[in-house]
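Numbering (UniProt numbering), first residue to last: 1 to 473. Where is the CB? At the ideal position from N, CA and C, for every residue including glycine.
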Ligand code: SAH
Ligand code: SF4
Ligand code: F3S
């Protein structure tokens, strides 16, 4: 659906030092998309700014995954309405766009509910953003939520514009978008459309250019990243394992990760890649959602708890030091005490290094929202608290198991204090190290001396008392 709704204000003369503020919600895919939109707008003469007050274009790149995430946007738009009025009283203009998954799901309803919005554009059509803005500048309101047939990545700057993409030594690289799994709780298949894999050539090009621009760690992104499929240059079929093998050959790229995976798409070759590739980090985010077979079935996850555990056994056989992470939902419709206890037992069996857990949030248009047996909010809260306490315990135990051990870190940024640098462990934990440990971008080995709530301290990083979190950058 592409439409121009109404013509409102007349066009105003604008200088060419326009400034854009992009606020990103939701997952890493949105973070990546925000950067690409920023790049497209830079080509169009927009400079980024750090504050909304300073901007003449605000884009909210939104998330629709849970009700809270979606509702946040409307309170933010309420504040923006005041800012726009304030600017208007000084003769300044502010354009407002909503992008991302709320844009895709709600389309022009957003403008009906929040008339401050000038532009609604869905994730498949960001390459049309400059055109849409040109129409907005003429006073139009624009809604563009097509599932575009053309490849948006082919039209967005990035691969051909590394100088504006290099933002440090780590980068995301989208290789797959969309989802065909239709878990009954989830909006993603509706907001991101069908599974599409980006072609091998452009992925390799973007990765090489990132490496040339100083990037040392690349995280491949996709809603179902391990469903990626393509062909190598010789036309041979390739899965994510094969893509990772090719990427690991690129000089400069020392670390590879991928997220998010579905248990059903972990094939033998991908598991073997964890055994064979030292650049592939021993950390895997593999959501399971529930430990109850009855609930897994109602969620349409299409595997059992035993399938998941057997899969983890195979992955751990290939890469014994792998750290696991997961996502959990408590209080899915019909979840009984016994179902929840099955989730707790699964977590106990696995031993997670980190995890994300959520109360089920009914999403309009998904099958789960219409199911019987919705669980009371207080029950959801109690279950979430118990689950999170267990997961926190496991996360702490995992961090503490590293104390006294040598761990390779990628030095990523300066620390809070001049005598410190911050890096990341293979298991994605921030590690505070001494400044002389190496330059930003170096892979160095440090010995872990202590743990803080969300990071590790390397030996020589400076005196810290237990519980002192001020050293964390
Ligand atoms: N593609 C990923 C998940 C993307 S959404 C996968 O298949 O695992 C990220 C997480 O949000 C999900 O794993 C799930 O735990 C949570 N989530 C999704 N929809 C939700 C809902 N309606 N209520 C609560 N949590 C939800
Ligand atoms: Fe959502 Fe399921 Fe697709 Fe993940 S696999 S994005 S949870 S529908
Ligand atoms: Fe949210 Fe869309 Fe990502 S709903 S989690 S921003 S795919």
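Beta-carbon spacing of residue i, residue j below 9 Å
i           : j           : result
residue 270 : residue 218 : no
residue 262 : residue 181 : yes
residue 273 : residue 244 : yes
residue 113 : residue 74  : yes
residue 100 : residue 61  : yes
residue 52  : residue 72  : no
residue 258 : residue 222 : yes
residue 546 : residue 456 : Because the chain is modelled from 1 through 473, residue 546 falls outside the range shown and cannot be assessed.
residue 288 : residue 328 : yes
residue 352 : residue 326 : yes
residue 179 : residue 65  : no
residue 347 : residue 387 : yes
residue 18  : residue 56  : yes
residue 174 : residue 29  : yes
residue 323 : residue 172 : no
residue 133 : residue 41  : yes
residue 225 : residue 170 : no
residue 68  : residue 361 : yes
residue 310 : residue 293 : no
residue 290 : residue 366 : no
residue 368 : residue 298 : yes
residue 407 : residue 451 : no
residue 246 : residue 200 : yes
residue 359 : residue 336 : no
Where residue i sits in the DSSP three-state scheme
i           : result
residue 405 : coil
residue 277 : coil
residue 285 : strand
residue 175 : coil
residue 360 : coil
residue 227 : helix
residue 396 : helix
residue 25  : coil
residue 328 : strand
residue 197 : strand
residue 253 : coil
residue 203 : helix
residue 423 : strand
residue 106 : helix
residue 440 : coil
residue 92  : coil
residue 237 : strand
residue 17  : coil
residue 271 : helix
residue 51  : coil
residue 184 : coil
residue 377 : helix
residue 32  : helix
residue 447 : strand
residue 259 : strand
residue 367 : helix
residue 211 : helix
residue 353 : coil
Span of the beta strand (DSSP E) around residue i
i           : result
residue 99  : 95 to 99
residue 218 : 217 to 221
residue 61  : 57 to 62
residue 134 : Taken as a continuous stretch (DSSP letters only), residue 134 belongs to no beta strand (DSSP E), being part of the alpha helix (DSSP H) at 129 to 137.
residue 46  : 46 to 48
residue 141 : 140 to 144
residue 189 : Premise fails: residue 189 lies in the alpha helix (DSSP H), 188 to 191, not in any beta strand (DSSP E).
residue 347 : Careful: residue 347 lies outside any beta strand (DSSP E), inside the alpha helix (DSSP H) at 337 to 350.
residue 418 : Per DSSP, residue 418 belongs to no beta strand (DSSP E) and is neither H nor E.
residue 121 : 119 to 121
N- and C-terminal bounds of the alpha helix (DSSP H) containing residue i
i           : result
residue 168 : Premise fails: residue 168 is in no alpha helix (DSSP H) and is neither H nor E.
residue 428 : No alpha helix (DSSP H) contains residue 428, which DSSP labels as neither H nor E.
residue 75  : 67 to 89
residue 455 : Premise fails: residue 455 lies in the beta strand (DSSP E), 455 to 458, not in any alpha helix (DSSP H).
residue 242 : 240 to 248
residue 306 : 305 to 318
residue 110 : 109 to 113
residue 512 : A question about residue 512 goes unanswered here, because the residues of the chain that appear run from 1 up to 473.
residue 265 : From DSSP, residue 265 is part of no alpha helix (DSSP H); its letter is neither H nor E.
Whole-Å CB distance - residue i paired with residue j, under 8 Å assumed
i           : j           : result
residue 424 : residue 415 : The Cβ separation is near 13 Å, so there is no contact.
residue 84  : residue 120 : Residue 84 to residue 120, Cβ: 16 Å. No contact.
residue 208 : residue 441 : Incorrect: roughly 16 Å between the Cβ atoms, too far for contact.
residue 232 : residue 240 : Going by Cβ atoms, the distance from residue 232 to residue 240 rounds to 13 Å, so no, they are not a contact pair.
residue 129 : residue 37  : 6 Å
residue 296 : residue 303 : 7 Å
Q.
If you measure from each CB to the nearest heavy atom of the ligand SF4 and keep those under 6 Å, what residues do you get, in chain order?
A. Residues flagged by the Cβ proximity filter: 179, 181, 182, 183, 186, 188, 189, 223, 224 and 262.
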